[in-house]
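> In case it helps, our numbering puts the sequence shown at residues 2 to 605. Glycine residues also receive a C-beta, built at the ideal position from the N, C-alpha and C atoms.
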Amino acid sequence: MKKSFSILSLLLIVLVGVAARLHFTGARVQTTKERHCQNSQAAYKDARLPIEQRVDDLLARMTQEEKIGQLALVEKNALETPEDIRNFHLGALLSGAGSKPATNSPEAWRDMILGYQAYAQETCLGIPLLYGIDAVHGVGGVQGATIFPHAIGLAATHDPELVQRVASATSQELSALGINWNFAPNLDVTHDQRWGRVYETFGSDTKTVTALGLASLRGTQAPQDAYLPVLATLKHFVGNGEMTWGTSGNNEYHIDQGDTRLTESELRERHLFPFTQAVQEGALVVMAGLNRWNGQNLSANTHLLTDVLKTELGFKGFVVSDWYGVYSITKDRYMATVYGINAGIDMAMLPFDYKAFQEDMMRALAQGDISRERLDDAVRRILTVKFQAGLFDRPAPTEEELSIVGSAAHHELAREAVQKSLTLLQNQRKTLPLSKSTPTIFVAGSAADNLGQQAGAWTIEWQGVEGNTIPGTSTLAGIQTTVSSSTHVVHDSTATFATEAERASVGIAVVGEKPYAEGVGDNANPTLSPEDLAAIQALKDKSRRLVVVIISGRALALPPEAKDWDAIVAAWLPGSEGQGVSDGLFGNTPIIGKLPVAWPIPKN
Ligand code: BGC
Numbered sequence: 002m003k004k005s006f007s008i009l010s011l012l013l014i015v016l017v018g019v020a021a022r023l024h025f026t027g028a029r030v031q032t033t034k035e036r037h038c039q040n041s042q043a044a045y046k047d048a049r050l051p052i053e054q055r056v057d058d059l060l061a062r063m064t065q066e067e068k069i070g071q072l073a074l075v076e077k078n079a080l081e082t083p084e085d086i087r088n089f090h091l092g093a094l095l096s097g098a099g100s101k102p103a104t105n106s107p108e109a110w111r112d113m114i115l116g117y118q119a120y121a122q123e124t125c126l127g128i129p130l131l132y133g134i135d136a137v138h139g140v141g142g143v144q145g146a147t148i149f150p151h152a153i154g155l156a157a158t159h160d161p162e163l164v165q166r167v168a169s170a171t172s173q174e175l176s177a178l179g180i181n182w183n184f185a186p187n188l189d190v191t192h193d194q195r196w197g198r199v200y201e202t203f204g205s206d207t208k209t210v211t212a213l214g215l216a217s218l219r220g221t222q223a224p225q226d227a228y229l230p231v232l233a234t235l236k237h238f239v240g241n242g243e244m245t246w247g248t249s250g251n252n253e254y255h256i257d258q259g260d261t262r263l264t265e266s267e268l269r270e271r272h273l274f275p276f277t278q279a280v281q282e283g284a285l286v287v288m289a290g291l292n293r294w295n296g297q298n299l300s301a302n303t304h305l306l307t308d309v310l311k312t313e314l315g316f317k318g319f320v321v322s323d324w325y326g327v328y329s330i331t332k333d334r335y336m337a338t339v340y341g342i343n344a345g346i347d348m349a350m351l352p353f354d355y356k357a358f359q360e361d362m363m364r365a366l367a368q369g370d371i372s373r374e375r376l377d378d379a380v381r382r383i384l385t386v387k388f389q390a391g392l393f394d395r396p397a398p399t400e401e402e403l404s405i406v407g408s409a410a411h412h413e414l415a416r417e418a419v420q421k422s423l424t425l426l427q428n429q430r431k432t433l434p435l436s437k438s439t440p441t442i443f444v445a446g447s448a449a450d451n452l453g454q455q456a457g458a459w460t461i462e463w464q465g466v467e468g469n470t471i472p473g474t475s476t477l478a479g480i481q482t483t484v485s486s487s488t489h490v491v492h493d494s495t496a497t498f499a500t501e502a503e504r505a506s507v508g509i510a511v512v513g514e515k516p517y518a519e520g521v522g523d524n525a526n527p528t529l530s531p532e533d534l535a536a537i538q539a540l541k542d543k544s545r546r547l548v549v550v551i552i553s554g555r556a557l558a559l560p561p562e563a564k565d566w567d568a569i570v571a572a573w574l575p576g577s578e579g580q581g582v583s584d585g586l587f588g589n590t591p592i593i594g595k596l597p598v599a600w601p602i603p604k605n
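(1) Under the assumption that F184 contacts K101 (Cβ atoms under 8 Å), give the Cβ distance between them as a whole number of angstroms.
(2) Just to confirm, are P434 and S506 a CB contact at a threshold of 7 Å?
(3) Compute the minimum distance between the beta carbon of G141 and the heavy atoms of the ligand BGC, and state whether it is under 6 Å.
(4) Between the C-alpha atoms of A357 and E282, what's the straight-line distance to the nearest angstrom?
(5) Leaving out the 5 sequence neighbours to the left and right, which residues in its chain are closer than 6 Å to L268 when beta-carbon positions are compared?
(6) Relative to the C-alpha of V598, which residue among T207, V309, D370 is closest?
(7) Find the nearest neighbour of L229 within the set R262, F203, H272, A177, judged by alpha-carbon distance.
(8) When we look at the beta-carbon of A279 and count the other beta-carbons within 10 Å, is it buried (16 or more) or exposed?
(9) Along the beta strand (DSSP E) that carries E76, what are the first and last residues, could you check?
(10) Could you spell out the range, first to last residue, of the alpha helix (DSSP H) harbouring L163?
(11) Can you tell me which residues form a DSSP beta bridge with R609?
(12) Are the CB atoms of A216 and Q165 nearer to each other than 7 Å?
(13) From the beta carbon of F274, is the nearest beta carbon of chain C less than 7 Å away?
(14) Evaluate I609 with the Cβ neighbour count: other Cβ atoms within 10 Å of its Cβ, from every protein chain shown; 16 or more gives buried, anything less gives exposed.
(15) Measure from the alpha carbon of I180 to the alpha carbon of each residue in L188, P107, S205, D193, then state which is nearest.
(16) Exposed or buried, K604, counting other C-beta atoms within 10 Å across all chains shown (16 or more means buried)?
(17) Quick one: grab the DSSP three-state call for R293.
(18) Assuming G142 and I134 are in contact, meaning their beta carbons sit under 8 Å apart, how far apart are those beta carbons, in whole angstroms?
(19) Starting from K236 and walking both ways along the beta strand (DSSP E), at which residues does that stretch end?
(20) Would you list the one or two residues that DSSP bridges to H489?
(21) How many whole angstroms separate the CB atoms of L95 and L74, which I take to be in contact at a CB cut-off of 8 Å?
(22) Which class does V570 belong to by DSSP, given the choice of helix, strand or coil?
(23) Look up N343 in the DSSP assignment and say whether it is helix, strand or coil.
(24) Heavy atom of the ligand BGC less than 6 Å from the Cβ of G97, yes or no?
(25) What number of angstroms, rounded off, separates the C-alpha of P83 from the C-alpha of I537?
(26) Would R293 be called buried (16 or more neighbouring beta carbons within 10 Å of its own) or exposed?
(27) Less than 6 Å between the CB of W324 and some heavy atom of the ligand BGC, yes or no?
(28) Here's the rule I'm using: 16 or more other beta-carbon atoms within 10 Å means buried, otherwise exposed. How should K595 be labelled?
(29) Where does T33 sit, in a helix, a strand or coil, going by DSSP?
(30) Where does F25 sit, in a helix, a strand or coil, going by DSSP?
(31) Compute the Euclidean distance between the alpha carbons of G479 and T497, then round it to the nearest angstrom.
(32) By Cβ distance below 7 Å, which residues in the same chain neighbour W196 in space, the five residues on each side in sequence not counted?
(33) What is the DSSP secondary structure of M362, reduced to helix, strand or coil?
(34) Suppose contacts are defined by Cβ-Cβ distances below 7 Å. Is V380 in contact with Q54 by that definition?
(35) Got a sec, what are the start and stop residues for the alpha helix (DSSP H) N88 sits in?
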């Protein structure tokens with residue numbers, strides 16, 4: 002009896018032990034695995050069923066680890082091994098600025114992303130990855146893609162139809178590359194020219210930002226073959242654009258990632274409006290800013306993320322935090338996760354440590370610091386968006402589709418955008434338009450023959466590139482192809498022109514800012530560099546007429562002598578088509594841009 006009892010109890014202990022293992026370790030996953038892996042006919046895979054039904058079906062099949070994986074947005078370079086996509090059931094990857102395949106070519110990008118998708122397909126549920134990138138002026142990170150003007154230049158066109166076409170062309174290039182998610186449009190309303198992100202915005206007027214932001218959203222999500230080509234992201238929610246100088250949370254910055262000190266009614270009036278409209282227009286993703294509102298991180302603000310955005314505005318998509326945004330809430334990583342997810346962040350742009358995120362989430366759920374309902378709500382939102390974007394049903398892009406990347410038609414569109422963005426700041430003595438048969442033209446300035454500078458940051462690298470390494474035309478090349486065959490064009494960036502005895506009929510100085518991104522570009526006094534000012538002066542002395550073209554991401558303070566420059570044109574950050582600048586200078590197209598931000602010009 003004693004013996005049989007002990008055998009029985011031993012058996013019982015073993016059984017309980019096995020059950021416990023089944024529950025607490027991978028074995029439970031194993032059971033689920035068998036269940037859902039065998040189910041190739043699962044309802045969620047049936048494109049004919051309503052999305053809600055597909056989401057319900059899929060959610061019911063998911064383990065906790067699989068759910069947590071959907072909440073993680075990971076920088077692709079942070080993957081210890083691509084197999085971790087499968088091991089950690091990751092739901093989304095991104096290429097942060099400058100993050101690219103070993104060879105930066107459209108083919109390599111597409112192969113890389115399809116490769117990552119293949120790992121996601123190896124999981125039991127085969128949930129496709131979202132792959133996000135900042136295609137804020139064309140797919141800037143991809144060598145060979147079309148580089149459009151930055152948003153500030155598009156804003157100067159005040160032309161929603163054009164902005165929509167640019168966004169749609171960008172989406173086509175993204176889609177061909179296998180990238181299904183764009184971190185754009187930017188709906189920030191800028192209020193301070195010292196901020197390093199002015200050029201990413203559609204300017205300082207809330208109505209203009211709204212009109213152009215909506216156009217960009219429509220263009221980005223314009224359906225192709227019944228699927229959304231690319232998901233748009235409204236960023237940065239909210240008030241990012243009116244932070245107080247000197248309040249940055251980043252020691253190396255001044256205003257970027259700073260504190261937005263506004264009352265709620267000011268915040269709503271000046272900054273919430275574009276988001277309200279875009280949510281109604283069908284936006285499916287909103288990115289929470291890295292700014293604070295009256296001292297509180299946006300990623301921790303339940304009132305704004307949940308009460309206002311999700312409840313009041315009825316936003317049904319998902320909220321993603323910005324780069325390391327959740328971990329900026331507090332130094333305690335675990336508590337930061339708890340605060341962020343509970344405040345309403347559905348997906349965390351970690352962007353690095355997905356292992357720690359999984360551990361923290363498991364712990365938070367076990368301890369009840371984050372409820373299972375909140376987890377399910379976040380996963381439901383993310384999955385719904387994935388279905389809405391057609392991720393489960395659409396075929397992978399073919400190799401032939403890559404020909405759209407940097408196509409001639411897109412370069413033409415970029416040129417049109419440049420032409421329409423040019424803004425006349427001054428035109429004395431009817432200097433512009435210039436005659437194409439001007440006998441001699443001297444061209445000077447740091448930006449005259451510098452595609453990298455005219456493209457600005459978010460081009461190949463986060464902080465941009467120098468020189469002529471991307472396909473396109475510099476302003477100098479544009480001038481050379483526009484003028485008559487008898488025109489003598491001489492280029493010398495410092496305007497020394499040592500070998501030229503004659504004065505030029507016209508001097509064109511192409512000057513401006515070197516590329517910068519985010520807080521790196523915070524600048525207490527944005528103005529022209531001493532070198533550019535010296536080149537302008539030297540050119541003025543050697544030319545009968547002086548035209549100054551300013552390549553910049555914001556309004557620059559001009560010196561008093563600017564009143565003696567015959568013509569001044571703001572070309573913003575035109576991107577790859579310098580030809581569009583010379584079109585305006587020589588009257589191929591009229592200069593029609595209007596300032597999207599205030600730009601005081603010294604007067605006589
Ligand atoms: C920026 C976002 C961007 C994200 C991903 C952040 O630093 O603030 O605008 O979308 O990085 O690259």
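So, from the listed chains and residues:
(1) By 1-based counting over the sequence shown, the position of residue 184 is 183. By 1-based counting over the sequence shown, the position of residue 101 is 100. Contact flag wrong, Cβ pair sits at about 16 Å.
(2) The count along the sequence shown starts at 1 and reaches residue 434 at position 433. The count along the sequence shown starts at 1 and reaches residue 506 at position 505. The Cβ atoms of P434 and S506 lie no closer than 7 Å to each other.
(3) On the sequence shown, position 140 is the one that residue 141 refers to. Placement of the Cβ of G141 at a distance of 6 Å or more from every heavy atom of the ligand BGC is found.
(4) Mapped onto the sequence shown, residue 357 falls at position 356. Mapped onto the sequence shown, residue 282 falls at position 281. Each residue's Cα considered, the two are about 37 Å apart.
(5) For the purposes of this step, residue 268 is identified with residue 267 of the sequence shown, where counting begins at 1. Correct list, in chain order: G240.
(6) Counting from 1 along the sequence shown, the entry for residue 598 is found at position 597. The shortest C-alpha to C-alpha distance from V598 to any of T207, V309, D370 is the one to T207.
(7) In the sequence shown, the residue the question calls residue 229 occupies position 228. Of R262, F203, H272, A177, the residue nearest in Cα terms is A177.
(8) Position 278 of the sequence shown, counting from 1, holds the residue named residue 279. A buried status is given to A279, since no fewer than 16 other beta-carbon atoms sit within 10 Å of its beta-carbon.
(9) Your numbering for residue 76 matches position 75 in the sequence shown. Here the beta strand (DSSP E) through E76 covers 73 to 76.
(10) The sequence position of residue 163 within the sequence shown is 162, counting from 1. Element bounds for L163: 161 to 178.
(11) The question about residue 609 has no answer here: the residues shown for the chain are numbered 2 through 605.
(12) Translated into the one-based positions of the sequence shown, residue 216 becomes position 215. Translated into the one-based positions of the sequence shown, residue 165 becomes position 164. One thing to note: A216 has its Cβ within 7 Å of the Cβ of Q165.
(13) No chain C appears in this structure, which consists of one protein chain only.
(14) Look at the range of the chain in this structure, 2 to 605, and you will see that residue 609 is not part of it.
(15) Walking along the sequence shown from the start, residue 180 turns up at place 179. Closest option to I180, Cα to Cα, is P107.
(16) Residue mapping note: residue 604 aligns to position 603 of the sequence shown, counting from 1. Exposed, since its Cβ has fewer than 16 Cβ neighbours within 10 Å.
(17) As a position in the sequence shown, residue 293 is number 292, starting the count at 1. Strand at R293.
(18) Here residue 142 refers to the residue found at position 141 when the sequence shown is read from its first residue. Here residue 134 refers to the residue found at position 133 when the sequence shown is read from its first residue. So it is a contact: roughly 6 Å between Cβ atoms.
(19) In the sequence shown, counting from the first residue as 1, residue 236 sits at position 235. The continuous beta strand (DSSP E) containing K236 extends over residues 235 to 238.
(20) Indexing the sequence shown from 1 puts residue 489 at position 488. Answer is T441.
(21) In the sequence shown, the residue the question calls residue 95 occupies position 94. In the sequence shown, the residue the question calls residue 74 occupies position 73. Their Cβ separation, rounded to whole angstroms, is 6 Å, which keeps L95 and L74 in contact under 8 Å.
(22) Within the sequence shown, numbered from 1, the residue matching residue 570 stands at position 569. In this structure, V570 counts as strand in the three-state DSSP scheme.
(23) Taking the sequence shown and counting its residues from 1, the one referred to as residue 343 is at position 342. Here N343 sits in helix by DSSP.
(24) Along the sequence shown, read from residue 1 onward, the residue named residue 97 stands at position 96. Remark: the C-beta of G97 is in contact range of the ligand BGC, defined as less than 6 Å to any heavy atom.
(25) Within the sequence shown, numbered from 1, the residue matching residue 83 stands at position 82. Within the sequence shown, numbered from 1, the residue matching residue 537 stands at position 536. So the alpha carbons of these two residues sit roughly 52 Å apart.
(26) Counted from its first residue, the sequence shown places residue 293 at position 292. Under this definition R293 is a buried residue.
(27) The residue labelled residue 324 in the question sits at position 323 within the sequence shown. Correct: W324 has its Cβ closer than 6 Å to the ligand BGC.
(28) On the sequence shown, position 594 is the one that residue 595 refers to. Under the 10 Å beta carbon count, K595 is surrounded by fewer than 16 other beta carbons and is classified as exposed.
(29) Residue 33 sits at position 32 when you count from the first residue of the sequence shown. Here the model assigns T33 a pLDDT of 47, short of 50, so the residue's position is not dependable, and the following value carries that caveat. The three-state secondary structure of T33, taken from DSSP, is helix.
(30) Against the sequence shown, residue 25 aligns to sequence position 24. With a pLDDT of 31 at F25, under the threshold of 50, the predicted position of this residue should be treated as unreliable, and no value is reported.
(31) Taking the sequence shown and counting its residues from 1, the one referred to as residue 479 is at position 478. Taking the sequence shown and counting its residues from 1, the one referred to as residue 497 is at position 496. Taking the straight line from one Cα to the other gives about 22 Å.
(32) Taking the sequence shown and counting its residues from 1, the one referred to as residue 196 is at position 195. So the qualifying residues of the chain are I256, D257, D523.
(33) Taking the sequence shown and counting its residues from 1, one reaches residue 362 at position 361. DSSP places M362 in helix when its eight states are reduced to three.
(34) Translated into positions along the sequence shown, residue 380 becomes position 379. Translated into positions along the sequence shown, residue 54 becomes position 53. Their beta carbons are not under 7 Å apart, which means V380 does not touch Q54 by this criterion.
(35) Position 87 of the sequence shown holds residue 88. It spans 85 to 88 - the alpha helix (DSSP H) in which N88 sits, taken as one unbroken run.
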